[in-house]
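Here is the structure we will look at.
Numbering (our numbering), first residue to last: 5 to 221.
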């Protein structure tokens, strides 16, 4: 593994990290919005969103990437490979995370909402001050798991020409005729990224435990 080869893989790692970061920032709030709209049971809209979520969840991710890149242009939406990859990652993770958020909303204790209503809080205040501070803590583990899945999905965007870690490692292996070393390096980078996410989750959980008196992990 020469420095130029390692540099190529590191460049791919930067692309992977950037794709994941942007998609996370977009998909988790979008997933929460989808869950809220379905939880409110808005006529027609709730059914349409439920169908959208079910369709995205049932679609293999690589198929979703190809759909965004090759089919959307026929509807007048032309995207370059990187924006198309971000859109596909965001749609996929938003659909799955919306189910996590929705489950938390549906199981949230009704008596807390009723008590807040008695005290004169508006629906917005009830959500921002009472519901959301609790459900994000209970959802932290599942959401981090979903984010790690997002990270593992990034190699699929190579089908539309995005050079992320796996594709960069494949290029190095094709040039050197030794595929094992570059893919080992790529695996180590993926492991480091996921370990960083898990470590961040544990740090946040410990802070929550200290603040709210829960058990430490």
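In this text, a Cβ means the ideal position worked out from N, Cα and C, and glycines have one as well. Just so it is clear, the structure is predicted and the values come from calculations on it, not from any experiment.
If the criterion is Cβ atoms closer than 9 Å, does the pair residue i and residue j meet it?
i, j, result
"residue 176", "residue 13", "yes"
"residue 74", "residue 63", "no"
"residue 89", "residue 69", "yes"
"residue 197", "residue 79", "no"
"residue 41", "residue 30", "no"
"residue 228", "residue 144", "No answer is possible for residue 228: the residues shown for the chain start at 5 and end at 221."
"residue 186", "residue 180", "yes"
"residue 122", "residue 23", "no"
"residue 151", "residue 37", "no"
"residue 172", "residue 190", "yes"
"residue 148", "residue 202", "yes"
Whose C-alpha, out of the options, is nearest the C-alpha of residue i?
i, options, result
"residue 139", "115, 149, 109", "109"
"residue 165", "28, 85, 46, 72", "85"
"residue 20", "153, 211, 210", "153"
"residue 11", "100, 193, 82, 213", "193"
"residue 119", "134, 105, 106", "134"
"residue 104", "197, 8, 156, 39", "39"
"residue 142", "107, 123, 41, 46", "107"
"residue 97", "195, 82, 136, 146", "146"
"residue 28", "56, 136, 101, 160", "101"
"residue 34", "22, 57, 51, 47", "57"
"residue 167", "15, 76, 124", "15"
Applying the 10 Å Cβ sphere with the 16-neighbour rule, what's the burial state of residue i?
i, result
"residue 182", "exposed"
"residue 25", "exposed"
"residue 94", "buried"
"residue 219", "Note that residue 219 scores a pLDDT of 44, beneath 50, so its modelled location is shaky; the value from the coordinates is reported in the next line. The residue is exposed, with fewer than 16 neighbouring Cβ atoms inside 10 Å."
"residue 113", "exposed"
"residue 221", "Low confidence applies to residue 221: its pLDDT is 40, below 50, so where it sits in the model is not reliable, and the reading given next is rough at best. By the 10 Å Cβ count, residue 221 comes out exposed."
"residue 230", "This structure leaves residue 230 out entirely; the chain is present only between 5 and 221."
"residue 55", "exposed"
"residue 169", "buried"
"residue 49", "exposed"
"residue 269", "Residue 269 lies beyond the range of the chain shown here (5 to 221); nothing can be said about it."
"residue 188", "exposed"
"residue 92", "buried"
"residue 2", "Lying before the first or after the last residue shown, residue 2 is absent from the chain, which here runs from 5 to 221."
"residue 1", "Nothing can be reported for residue 1, as the shown portion of the chain is limited to 5 through 221."
"residue 9", "buried"
Is any heavy atom of the ligand NAP found at a distance shorter than 8 Å from the C-beta of residue i?
i, result
"residue 107", "No copy of the ligand NAP occurs in the structure displayed, which carries no ligand at all."
*Those runs of the alpha helix (DSSP H) which lie wholly inside the stretch 57 to 90 and span at least 4 residues*: Annotation note: the stretch 57 to 90 contains the following uninterrupted alpha helix (DSSP H) runs of length 4 or greater, listed N- to C-terminal: 65 to 70.
*Counting only runs that start and end within the stretch 110 to 197, where is the beta strand (DSSP E) found for 3 or more residues in a row?*
none
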